[in-house]
Amino acid sequence: MDKDINVKVRIWRQPGPKAKGHFETYKLENISGGTSFLEMLDILNEQLIRDKQEPVVFDNDCREGICGMCSLYVNGHPHGPDDLITTCQLHMRHFKNGETITVEPWRSAAFPVVRDLMVDRQAFDKIMQAGGFVSVNTGGVPDANAIPISKLAADEAMDAASCIGCGACVAACKNGSAMLFVSAKVSQLALLPQGKVEAKNRAKKMVAKMDELGFGNCTNTRACELECPKGVNISNIARMNRSFLSAKLSD
Ligand code: SF4
Ligand code: FES
Numbered sequence: 000m001d002k003d004i005n006v007k008v009r010i011w012r013q014p015g016p017k018a019k020g021h022f023e024t025y026k027l028e029n030i031s032g033g034t035s036f037l038e039m040l041d042i043l044n045e046q047l048i049r050d051k052q053e054p055v056v057f058d059n060d061c062r063e064g065i066c067g068m069c070s071l072y073v074n075g076h077p078h079g080p081d082d083l084i085t086t087c088q089l090h091m092r093h094f095k096n097g098e099t100i101t102v103e104p105w106r107s108a109a110f111p112v113v114r115d116l117m118v119d120r121q122a123f124d125k126i127m128q129a130g131g132f133v134s135v136n137t138g139g140v141p142d143a144n145a146i147p148i149s150k151l152a153a154d155e156a157m158d159a160a161s162c163i164g165c166g167a168c169v170a171a172c173k174n175g176s177a178m179l180f181v182s183a184k185v186s187q188l189a190l191l192p193q194g195k196v197e198a199k200n201r202a203k204k205m206v207a208k209m210d211e212l213g214f215g216n217c218t219n220t221r222a223c224e225l226e227c228p229k230g231v232n233i234s235n236i237a238r239m240n241r242s243f244l245s246a247k248l249s250d
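Quick note, the sequence shown lines up with residues 0 to 250 if you use numbering that gives the first Met the number 0.
So, in structure tokens, the structure goes:
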């Protein structure tokens with residue numbers, strides 16, 4: 000049985016993209032350990048609305064670890080202190096009674112703050128539009144065994160495809176690099192026969208867009224891999240670099 004706890008939440012408040020931000024601390028009492036982190040923010044917002052104050056703006060959608068919207072930095076970690084979960088899957092039982100919890104938006108030049116805890120992640124959409132698709136005509140739904148795909152390739156493609164585009168890898172990286180995200184999106188297609196055809200060009204275009212949008216370079220600190228809620232592996236970065244170099248050499 001989860002015990003109720005009292006906590007203080009120290010939250011980044013910023014009324015707009017150009018406004019100066021600051022931390023505000025709020026008290027919450029009798030929060031059940033089974034309350035999810037986003038439900039705790041809902042309770043805080045109900046409290047703020049009752050007190051005629053502005054509610055805290057934060058992003059969310061599915062609340063089950065699928066959409067990648069709940070982009071919060073909690074106590075110095077993207078998606079909080081627990082491994083392999085998103086903020087919406089984090090529960091209050093992970094915090095101590097009386098603890099002060101610090102909540103910030105993603106901090107990265109490529110993800111400007113819109114308001115409070117919400118950031119603009121359109122840069123990821125632009126990278127996807129640059130090449131994150133298959134443009135060859137693949138026809139109708141093929142017979143399941145018509146194109147043989149090795150178990151290893153299928154598993155690696157599925158692992159790369161588990162990236163939910165949350166941006167935690169960028170927020171965790173001291174260089175603000177998007178290499179883990181981009182390499183996952185490049186790999187999920189490049190490993191399969193239908194995506195191989197455009198693999199080199201895709202890597203070249205997506206990397207060029209990533210550089211243009213102000214994401215930093217990778218210096219192999221592996222912070223991205225450590226904080227990724229889906230456990231996306233940095234071996235995808237090596238695969239993307241090989242495709243990128245090969246595309247450049249054949250220019
Ligand atoms: S690689 Fe991981 S941390 Fe980066 S966007 Fe994808 S799921 Fe999020
Ligand atoms: S709200 Fe969708 S992953 Fe958290």
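A virtual CB, placed ideally from N, CA and C, is assigned to each residue, including glycine.
Taken in chain order, the unbroken stretches of alpha helix (DSSP H) that lie wholly in the segment 152–212 and span 4 residues or more are 167–171, 178–189, 192–195, 198–211.
For C66, the shortest C-beta to heavy atom distance toward ligand 1 is 7 Å or greater.
The straight-line gap separating the alpha-carbon atoms of D60 and M68 is approximately 6 Å. In the three-state scheme derived from DSSP, where H, G and I count as helix and E and B as strand, F36 is classed as helix. Within the segment 37–118, the runs of beta strand (DSSP E) that reach at least 3 residues and sit entirely inside it are, in chain order, 71–73, 99–104, 112–114. Within a 10 Å sphere around the beta-carbon of M39 sit 16 or more other beta-carbons, which makes this residue buried. Between the alpha carbons of M205 and V231 lies a distance of about 18 Å. Under the three-state reduction of DSSP, D3 is assigned to strand. The C-beta of Q187 has 16 or more other C-beta atoms within 10 Å across all chains shown, which makes the residue buried. The C-alpha of I65 lies about 6 Å from the C-alpha of I163.
Distances from the CA of A198 to each of G166, G130, P14 were compared; the closest alpha carbon is that of G130. Under the criterion of beta carbons closer than 8 Å, I100 and V8 qualify as touching, at roughly 5 Å. Below 8 Å, too few C-beta pairs join the segment 75–89 and the segment 144–156 to call them touching: fewer than three. About 5 Å separates the beta carbons of L27 and V6, which is inside the 8 Å limit, making them a contact pair. For N29, the enclosing beta strand (DSSP E) starts and ends at 21–31. Only buried fits M91, as 16 or more other CB atoms lie within 10 angstroms of its CB. Rounded to the nearest whole angstrom, the C-alpha separation of C165 and K19 is 25 Å.
In this structure, S176 lies away from C227, with their beta-carbon atoms at least 8 Å apart.
In terms of CA proximity to V118, F57 leads the group M178, F57, S161.
With fewer than 16 other Cβ atoms from the protein chains shown falling within 10 Å of its own Cβ, T24 counts as exposed. DSSP places R12 in the strand class (E or B) of the three-state scheme.
Checking the DSSP bridge columns, you'll see G215 partnered with S176. Residue environment for N136: exposed (fewer than 16 other C-beta atoms within 10 angstroms of its C-beta). In this structure, ligand 2 has no non-hydrogen atom nearer than 7 Å to the beta-carbon of C162. Between the C-alpha atoms of A202 and D250 there is a straight-line separation of about 13 Å. Closer than 7 Å to some heavy atom of ligand 1: that does not describe the Cβ of A156.
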